[in-house]
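Numbering (my numbering), first residue to last: 134 to 511.
To keep things clear, I will list the structure first and then write my remarks on it.
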């Protein structure tokens with residue numbers, strides 16, 4: 134029985150490994166990101182003393198993710214692109230692993246955690262961009278790792294846990310700014326929580342992390358004669374001639390999962406008092422998604438862990454039917470198939486057809502199930 138339970142607990146990890154193999158081959162033709170990869174490679178070399186290259190996009194302001202590729206290239210002349218791919222594979226698997234553990238900290242069942250991992254990795258920007266030679270997957274990895282550490286023994290803080298959080302938050306944001314989502318959720322928890330010890334500990338943790346990040350940016354700026362990450366965001370607005378929102382790509386961020394997320398968000402709003410943390414997290418996160426000069430699918434998809442947890446909480450307190458389980462599977466499969474057809478074969482007009490079919494299926498679900506959502510007795 135113990136062996137059987139252990140195998141069942143490993144299902145999310147097996148699922149993560151399966152997606153790893155599928156996406157490495159399915160989106161292989163997108164591996165080398167023309168706009169960004171070259172600059173990350175240059176930045177990794179500059180980090181270890183190459184003075185003949187130019188870091189035109191100031192990628193060196195996110196040095197943590199460059200250390201291993203740059204160091205192995207410096208010591209053994211190993212291809213930076215190869216190490217970046219291997220590093221992204223490790224981060225992808227680690228994302229699934231720690232996302233599962235984070236949800237376990239929140240007391241969700243293995244079935245609910247498996248659904249969550251499936252949804253996370255069938256979101257278009259995550260599937261398509263995770264194995265590109267850029268740092269998107271690093272942001273997602275550190276987001277779930279920070280949330281896992283934060284929720285582990287939530288009210289039992291000690292110096293080791295605090296130190297781990299400080300190191301992880303600092304390393305995460307110095308790898309990819311998008312993992313600031315986890316910090317937003319910590320802030321939201323501090324706002325709605327009345328535990329003074331937790332609030333004080335959070336202030337100390339975030340304060341020290343902020344100082345480390347700021348000092349690191351100032352050192353990088355002066356030592357490598359580049360701009361800080363904050364200046365880069367401001368500069369992006371100048372280069373972009375203002376603010377640009379790609380509404381079509383925003384829709385493609387979560388595709389048919391948007392419908393499920395919206396239903397669960399409405400459910401949370403309806404029971405505002407019970408779900409104060411979720412509501413506060415959404416209210417703080419959603420505006421933060423629009424601080425970049427160009428708002429697109431990749432910048433919106435960083436909120437996937439939050440929206441998925443909200444949906445999992447919805448089904449946790451509901452009677453989930455076989456129909457809804459099938460819909461989740463179909464929506465995830467449809468997200469990836471449509472993404473592949475668009476990127477690999479430039480098939481136009483496929484998304485409207487997919488959305489129409491998806492909403493018809495969702496309408497049938499709403500009609501047949503009556504969307505009655507009883508709260509379970511705790």
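Where is the CB? At the ideal position from N, CA and C, for every residue including glycine.
Rounded to the nearest angstrom, what separates residue i and residue j at their Cα positions?
i           : j           : result
residue 266 : residue 201 : 14 Å
residue 221 : residue 455 : 35 Å
residue 457 : residue 498 : 7 Å
residue 271 : residue 327 : 32 Å
residue 225 : residue 164 : 15 Å
residue 473 : residue 435 : 20 Å
residue 140 : residue 291 : 32 Å
residue 318 : residue 414 : 5 Å
residue 229 : residue 151 : 11 Å
residue 398 : residue 421 : 18 Å
residue 432 : residue 383 : 9 Å
residue 334 : residue 295 : 8 Å
residue 441 : residue 408 : 15 Å
residue 256 : residue 468 : 7 Å
residue 340 : residue 321 : 15 Å
residue 387 : residue 273 : 15 Å
residue 426 : residue 419 : 15 Å
residue 180 : residue 194 : 10 Å
residue 203 : residue 215 : 11 Å
residue 501 : residue 396 : 16 Å
residue 493 : residue 448 : 21 Å
residue 378 : residue 209 : 43 Å
residue 167 : residue 308 : 20 Å
residue 509 : residue 213 : Because the pLDDT of residue 509 is 47, which lies under 50, any placement of that residue in the model is unreliable, and the number read from its coordinates should be weighed accordingly. Their Cα atoms are separated by approximately 52 Å.
residue 176 : residue 207 : 13 Å
residue 400 : residue 149 : 29 Å
residue 239 : residue 263 : 26 Å
residue 488 : residue 430 : 16 Å
residue 234 : residue 284 : 10 Å
residue 323 : residue 146 : 31 Å
Tell me the residue span of the alpha helix (DSSP H) that contains residue i.
i           : result
residue 312 : Note, residue 312: premise wrong, no alpha helix (DSSP H); not H, not E.
residue 196 : Counting along the chain, residue 196 falls outside any alpha helix (DSSP H), and DSSP gives it neither H nor E.
residue 361 : No alpha helix (DSSP H) contains residue 361, which DSSP labels as neither H nor E.
residue 391 : 390 to 403
residue 433 : 430 to 433
residue 215 : 213 to 238
residue 176 : 170 to 180
residue 152 : 144 to 159
residue 190 : Neither: residue 190 is in no alpha helix (DSSP H) and is coded neither H nor E.
residue 481 : Neither: residue 481 is in no alpha helix (DSSP H) and is coded neither H nor E.
residue 384 : 380 to 387
residue 298 : 292 to 306
Between residue i and residue j, how many whole angstroms is the CB-CB distance? I'm expecting something under 8 Å.
i           : j           : result
residue 205 : residue 173 : Contact doesn't hold; Cβ gap of about 14 Å is too wide.
residue 142 : residue 243 : 6 Å
residue 363 : residue 303 : Contact flag wrong, Cβ pair sits at about 16 Å.
residue 437 : residue 253 : 6 Å
residue 231 : residue 281 : 5 Å
residue 314 : residue 219 : With 8 Å as the limit, residue 314 and residue 219 do not qualify as a contact, their Cβ atoms being about 25 Å apart.
residue 279 : residue 312 : 6 Å
Classify residue i as buried or exposed, calling it buried when 16 or more other Cβ atoms lie within 10 Å of its own Cβ.
i           : result
residue 480 : exposed
residue 325 : exposed
residue 190 : buried
residue 330 : exposed
residue 406 : exposed
residue 269 : buried
residue 159 : buried
residue 444 : buried
residue 355 : exposed
residue 381 : exposed
residue 305 : buried
residue 511 : At residue 511, the pLDDT of 40 sits below 50, so the modelled position is not reliable; the number obtained from the coordinates is stated separately. That one is exposed.
residue 360 : buried
residue 485 : exposed
residue 342 : buried
residue 452 : exposed
residue 162 : exposed
residue 289 : exposed
residue 471 : buried
residue 185 : exposed
residue 477 : exposed
residue 491 : buried
Does the distance between the C-beta of residue i and the nearest non-hydrogen atom of the ligand ADP fall short of 7 Å?
i           : result
residue 464 : As presented, the structure is devoid of all ligands, the ligand ADP included, so that no description of it is given.
Next on the checklist: Please give the ranges of any alpha helix (DSSP H) in the stretch 253 to 290, keeping only runs that are unbroken, at least 4 residues long and fully inside the region.
Outcome noted: 257 to 262, 269 to 284
Checklist entry - Can you list, in chain order, the stretches of the alpha helix (DSSP H) that have 4 or more residues and sit fully within the stretch 410 to 477? => result 430 to 433, 437 to 449
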